[in-house]
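Chemist: So that we are looking at the same thing, I have put the structure below in structure tokens.
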Amino acid sequence: MDLNKWNHFIRPNLWAFGLGIFLIGVLASGIFTSIYFIGALIAVMLCTVSITLNHYYDYETDRKSKQLYRFPVAAGKISKQVTLWVSLFLMTITILLSVLFLNIQSLILVLIANLMVYSYSAPPIRIKERPYLDWIYNGTAYGCIPYYLALFISGFPLSIEQHLLGLVPLFIATSGHILLQVRDIKDDKKGRVKTTSTRLGIKTMKNISGAFVALAGLVIVYLTLLGFLNFLAWVALLCGAFVMIVHKKMKKDVTKSYLKLQLIYVIGGILFILSVIRF
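Here it is in structure tokens:
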């Protein structure tokens, strides 16, 4: 079995991010229930289908990419038919599990999430080619959906502090999406795919990505001073500072900074998750 092929097909590294955001919502809710396991499974499947459906609809443009190893469907290693059936299966299961186990708020959120996944890649809407709106979609999909899914599962009314906390994963997910999009500028131009990155260019996009990290930091500072986050938030902020430094030193080939950023985000993310715990 070609594990590398399946790694690029479903990109399980996104699972860790989605589950991390979901866990923040669990801790912010202040309660623990076995239904959270169903919610976590749904979050993982939504992350997965966001990638597989994109493979399906980006087939033609991905075939022109110089990074074809990242696109197993375009490379012919996984058929378009299999990709479509896998995507439909995952979308159906997330809705079915929501109907059977989750409350009405959570069900509505899962339905919205599936609609967002579809409209992001599929014509005629194809949000990914609508400059600036693609930021909102990605930040919301990866940063807000898992977080609010956990909060909605709890069934408790949401506080202002909980909503403010949700801005942190929103800003971080948006920043990360921008850097990943920058990597594809050359291929997108070659395939005539219009994105925010192809319009603004690498330098501007790097600055905007850094600005979203700074905004997340400001929210963390406020919630920590408010007492909503514990002292570990200050340590997490140090990681944010290192992220900003990496942004400043980032060269034209942003991919050379990816590994370093991933390491900092993992450490900072763990610290931030722990900062939500109420002692």
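Counted from 1, the sequence shown has number 1008 at position 186 by the working numbering; the numbering is strictly sequential. Just so you know, even glycine gets a beta-carbon here, dropped at the ideal spot from N, CA and C.
Let me check understanding here. Comparing Cα to Cα, which of Val848, Pro979, Ala897 and Gly1032 lies closest to Leu971?
Modeler: When each option's Cα is compared against that of Leu971, the closest is Val848.
Chemist: By the 10 Å Cβ neighbour count, where 16 or more other Cβ atoms means buried, how is Gln1084 classified, buried or exposed?
Modeler: Exposed: under 16 other Cβ atoms inside 10 Å.
Chemist: So Gly840 is in the alpha helix (DSSP H); what residue range does that whole segment cover?
Modeler: Segment Asn835 to Ser851, the alpha helix (DSSP H) holding Gly840.
Chemist: In the DSSP assignment, the alpha helix (DSSP H) including Leu875 goes from what residue to what residue?
Modeler: Leu875 -> alpha helix (DSSP H) spans Ile857 to Tyr879.
Chemist: Kindly provide the ranges of any alpha helix (DSSP H) runs that are 4 or more residues long and lie completely inside the region 1015 to 1066, ordered along the chain.
Modeler: Entirely contained in the region 1015 to 1066, the alpha helix (DSSP H) runs reaching 4 residues are, in chain order, 1018 to 1022 and 1024 to 1048.
Chemist: Of all the beta strand (DSSP E) runs that stay within the bounds of the region 916 to 957, which reach a length of 3 or more residues?
Modeler: The qualifying runs do not exist here; there are none.
Chemist: Whole-angstrom Cβ separation of Ile930 and Ser941, contact assumed at under 8 Å?
Modeler: With a Cβ gap of about 16 Å, Ile930 and Ser941 do not count as contacting.
Chemist: Looking at the secondary structure, which residues open and close the alpha helix (DSSP H) in which Pro979 lies?
Modeler: That residue, Pro979, is in no alpha helix (DSSP H); it is neither H nor E in DSSP.
Chemist: Along the alpha helix (DSSP H) that carries Gly1090, what are the first and last residues, could you check?
Modeler: Where Gly1090 is concerned, the enclosing alpha helix (DSSP H) stretches over Tyr1080 to Ser1097.
Chemist: For Gln984, does the count of other Cβ atoms within 10 angstroms reach 16, so buried, or fall short, so exposed?
Modeler: Label assigned to Gln984: buried.
Chemist: What residue range is occupied by the uninterrupted alpha helix (DSSP H) comprising Ile832?
Modeler: Where Ile832 is concerned, the enclosing alpha helix (DSSP H) stretches over Leu825 to Ile832.
Chemist: Applying the criterion that 16 or more other CB atoms from any shown protein chain within 10 Å of the CB defines a buried residue, is Lys1028 buried or exposed?
Modeler: Buried is the call here.
Chemist: By Cβ distance, which residues of its chain are closer than 6 Å to Thr996, with the 5 residues on each side in sequence left out?
Modeler: Within the same chain, Thr996 has close Cβ partners Trp957, Gly961 and Phe1034.
Chemist: Would you mind stating whether Ile967 and Leu1054 have Cβ atoms separated by less than 8 Å?
Modeler: Taking 8 Å as the Cβ cut-off, Ile967 and Leu1054 do not qualify as a contacting pair.
Chemist: Is the number of C-beta pairs between the region 1045 to 1059 and the region 975 to 992 that are closer than 8 Å three or more?
Modeler: Touching, per the Cβ criterion.
Chemist: With a threshold of 7 Å on Cβ separation, who are the neighbours of Ile1099 within its own chain once the five nearest residues in sequence on each side are excluded?
Modeler: Here the set comprises Leu849 and Asn1052.
Chemist: Contact defined as beta carbons within less than 8 Å: I believe Leu836 pairs with Ile873. What is the distance between those atoms, to the nearest angstrom?
Modeler: With 8 Å as the limit, Leu836 and Ile873 qualify as a contact, their Cβ atoms being about 7 Å apart.
Chemist: On a CA-only basis, which of Ser909, Ile917, Gln927 and Val921 is nearest Ser943? Give me that one, please.
Modeler: Ranking the options by Cα distance to Ser943, first place goes to Ser909.
Chemist: Compare the C-alpha of Ser1127 against each of Gly840, Ser851, Ile832 and Lys1070 and name the closest.
Modeler: Since the first and last residues shown for the chain are 823 and 1101, residue 1127 lies out of range.
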